[in-house]
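Asks: With positions in the sequence shown counted from 1, the corresponding number in this note's numbering is that position plus 861.
Built from N, CA and C at the ideal position, the CB exists for glycine as well.
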Amino acid sequence: MKLAELRKQGYQALVDSLGVVGMLRFLQQLEVGHGDYTAERHQWLDELTLADFQSYVQQKKSINGGELGG
Numbered sequence: 862m863k864l865a866e867l868r869k870q871g872y873q874a875l876v877d878s879l880g881v882v883g884m885l886r887f888l889q890q891l892e893v894g895h896g897d898y899t900a901e902r903h904q905w906l907d908e909l910t911l912a913d914f915q916s917y918v919q920q921k922k923s924i925n926g927g928e929l930g931g
């Protein structure tokens, strides 16, 4: 199957399942991001210290009554 046919069938499946408006709303959620996630991730992770992380965990626990979730 060629890519054009695959794309056509994919759009049709979305229309059949979600309707035209639903398909458009779904596709809007898939917009391509911008920037370089890997470089940005290294920027903020490389600056994170163990003490920062421990402080974050303690903060979450105090907010959630001793539980880490949420």
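(1) List the whole-angstrom C-beta distance separating methionine 884 from leucine 891, where the pair is believed to meet the contact cut-off of C-beta under 8 Å.
(2) To the nearest angstrom, how far is the alpha carbon of leucine 906 from that of alanine 912?
(3) Can you tell me which of the three DSSP states methionine 823 falls into?
Replies: Judging by the given coordinates:
(1) Wrong, their Cβ atoms sit about 11 Å apart, outside the cutoff.
(2) 13 Å
(3) Shown here, the chain extends from 862 to 931; a query on residue 823 therefore has no answer.
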